[in-house]
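Numbering (full-length UniProt numbering), first residue to last: 1 to 327.
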């Protein structure tokens, strides 16, 4: 049996409910109602207004916008493919939008693409909260957090046929750069289904962030400093060859209170992992000797040859730094 398809026509009853909520003194109690208030009072939007064709960018403008987000789209592409593989057969589309709310790329099934086009869920469409009112992409970008806007939680009555599950994406310096969205226009997608999809979206967004971070610090060692239980992502640190931390994901910046949006001042890894003791020259010699022994399988003669020194010299240096073969 085919899924119920919601109407594309604006719902005047919904518009009235939104305006009543905006005028209510209890509007700020709900996060959705607070967004409705922003939409009506700050942006001056009308929930009963029809969709405007001017909300879509033309080919040249969209091409330039995509070029400016080339690294993000390159990293996100395989994640979008996998995400669509999980939800596409359920009649959902996958979108990624820039910080202005403009859809940069999407994945939609052949049978559903035309309907999503009608709904404005396609590349070039603007879903900024200032343009569309409360919606998954726009509200996610305004609040910088994962959101689900289910059907009649949208501000505009023209959008109540859609459920949107979104998560923000942050770059290697912790700056908000995009929103990842799954939208469904099927009438049989309830809140339980939305909750399951929301979890997929958040996981995929964190995956994109991780890949962006690893790409940014491709020449560094990546250290896992912990996993945030609130689903803000993995706390990853980028460490250079001198054991100095030179980069941190947003989760790591929040955990270690490093701030966001700027490069961090290099600091010893030990300060982040609980070892605040200052390094010494002996520490460096000790590390070199142990690594040589490890590569030589514990054979001192072979380790000495790797370092270009004699066996006796190797032993003297071991003794000086307090290192024995049992280490």
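Glycine included, every Cβ here is placed at the ideal spot set by N, Cα and C. Since this is a predicted model, take the numbers as computed values, not measurements.
Taking only the alpha-carbon atoms, compute the straight-line gap between residue 16 and residue 159 and give it to the nearest angstrom.
Taking the first residue of the chain shown as 1, we reach residue 16 at position 16. Taking the first residue of the chain shown as 1, we reach residue 159 at position 159. Distance between the alpha carbons of residue 16 and residue 159: 15 Å.
What does a CB cutoff of less than 6 Å around residue 88 pick up in its chain, not counting 5 residues either side in sequence?
As a working mapping, residue 88 is identified with position 88 in the chain shown. Within the same chain, residue 88 has close Cβ partners 109.
By how many angstroms is the C-alpha of residue 203 removed from the C-alpha of residue 291?
Within the chain shown, the letter at position 291 stands for residue 291. Within the chain shown, the letter at position 203 stands for residue 203. Across the structure, residue 291 and residue 203 are spaced so that their CA atoms are roughly 37 Å apart.
What is the residue span of the beta strand (DSSP E) that residue 78 lies within?
Mapped onto the chain shown, residue 78 falls at position 78. Per DSSP, residue 78 belongs to no beta strand (DSSP E); it is in the alpha helix (DSSP H), 70 to 87.
Suppose you measure from the CA of residue 140 to the CA of residue 252; what does that come to, to the nearest Å?
Locating residue 140 in the chain shown gives position 140, counting from the first residue. Locating residue 252 in the chain shown gives position 252, counting from the first residue. Using only the alpha carbons, I get a separation of about 21 Å.
By how many angstroms is the C-alpha of residue 217 removed from the C-alpha of residue 210?
Here residue 210 refers to the residue found at position 210 when the chain shown is read from its first residue. Here residue 217 refers to the residue found at position 217 when the chain shown is read from its first residue. When rounded, the distance between both Cα atoms is 11 Å.
Could you have a look at residue 65 and say whether DSSP puts it in helix, strand or coil?
The residue you call residue 65 lines up with position 65 of the chain shown. Note: residue 65 maps to helix in three-state DSSP.
Among 250, 123 and 91, whose alpha-carbon lies nearest the alpha-carbon of residue 188?
Along the chain shown, read from residue 1 onward, the residue named residue 188 stands at position 188. Closest option to residue 188, Cα to Cα, is 91.
Suppose contacts are defined by Cβ-Cβ distances below 9 Å. Is residue 223 in contact with residue 273 by that definition?
Working through the chain shown from its first residue, we reach residue 223 at position 223. Working through the chain shown from its first residue, we reach residue 273 at position 273. Contact flag set, yes.
Assuming residue 104 and residue 69 make a contact with CB atoms under 8 Å, what is their CB distance in whole Å?
On the chain shown, position 104 is the one that residue 104 refers to. On the chain shown, position 69 is the one that residue 69 refers to. Sure, about 6 Å apart at Cβ, within 8 Å.
Is residue 12 helix, strand or coil when you go by DSSP?
As a first step, residue 12 is located in the chain shown; it is residue number 12 there, counting from the start. Helix at residue 12.
Identify the residues that DSSP records as bridge partners of residue 247: which are they?
Here residue 247 refers to the residue found at position 247 when the chain shown is read from its first residue. Residue 247 pairs with 238.
Going by C-alpha to C-alpha distance, which of 233, 149 and 258 sits closest to residue 245?
As a position in the chain shown, residue 245 is number 245, starting the count at 1. If we check each option's Cα against that of residue 245, 258 comes out closest.
Tell me where the alpha helix (DSSP H) around residue 208 begins and ends.
Within the chain shown, the letter at position 208 stands for residue 208. Residue 208 -> alpha helix (DSSP H) spans 191 to 216.
Does the contact criterion of 3 or more C-beta pairs under 8 Å hold for the segment 47 to 64 versus the segment 149 to 158?
yes
Continuous beta strand (DSSP E) stretch holding residue 163: start and end:
Residue mapping note: residue 163 aligns to position 163 of the chain shown, counting from 1. From DSSP, the beta strand (DSSP E) with residue 163 extends over 163 to 170.
For residue 60, which option in 307, 124, 30 and 23 has the closest C-alpha, if you only look at C-alpha atoms?
As a position in the chain shown, residue 60 is number 60, starting the count at 1. Out of 307, 124, 30 and 23, 124 has the C-alpha closest to the C-alpha of residue 60.
As a quick exercise: from 264, 321 and 270, pick the residue whose alpha carbon is nearest that of residue 288.
Here residue 288 corresponds to residue number 288 of the chain shown, with the count starting at 1. Selected option, being the one with the closest Cα: 321.
What's the C-alpha gap between residue 138 and residue 269?
As a working mapping, residue 138 is identified with position 138 in the chain shown. As a working mapping, residue 269 is identified with position 269 in the chain shown. In a straight line, the C-alpha of residue 138 is about 38 Å away from that of residue 269.
So, at 8 Å on beta carbons, what are the nonlocal neighbours of residue 286 in its own chain, with the 5 sequence-adjacent residues on each side left out?
In the chain shown, counting from the first residue as 1, residue 286 sits at position 286. Excluding residues within five positions, the ones whose Cβ falls inside 8 Å are 321, 322 and 323.
Quick one: grab the DSSP three-state call for residue 325.
In the chain shown, counting from the first residue as 1, residue 325 sits at position 325. Reduced to three states, the DSSP call for residue 325 is coil.
Distance between residue 256 and residue 231 (C-alpha atoms, nearest Å):
In the chain shown, counting from the first residue as 1, residue 231 sits at position 231. In the chain shown, counting from the first residue as 1, residue 256 sits at position 256. In this predicted model, residue 231 has a pLDDT of only 48, less than 50, meaning its place in the structure is not dependable; the value taken from the coordinates is given anyway. Those two C-alpha atoms are separated by around 16 Å.
Select from 143, 97 and 185 the residue whose C-alpha is nearest the C-alpha of residue 118.
Position 118 of the chain shown, counted from the start, is the residue given in the question as residue 118. Residue 185 is the option with its Cα nearest to residue 118.
Give the secondary structure of residue 344 by DSSP, where H, G and I count as helix, E and B as strand, and everything else as coil.
Since the displayed the chain opens at 1 and closes at 327, residue 344 lies outside it and no answer follows.
Is the distance from the Cβ of residue 72 to the Cβ of residue 169 below 9 Å?
Taking the first residue of the chain shown as 1, we reach residue 72 at position 72. Taking the first residue of the chain shown as 1, we reach residue 169 at position 169. Yes, these two residues count as a Cβ contact at 9 Å.
If residue 242 and residue 220 are in contact, beta carbons under 8 Å, what's the gap, nearest whole angstrom?
Within the chain shown, numbered from 1, the residue matching residue 242 stands at position 242. Within the chain shown, numbered from 1, the residue matching residue 220 stands at position 220. In fact, because the Cβ distance is near 11 Å, the residues do not count as touching under 8 Å.
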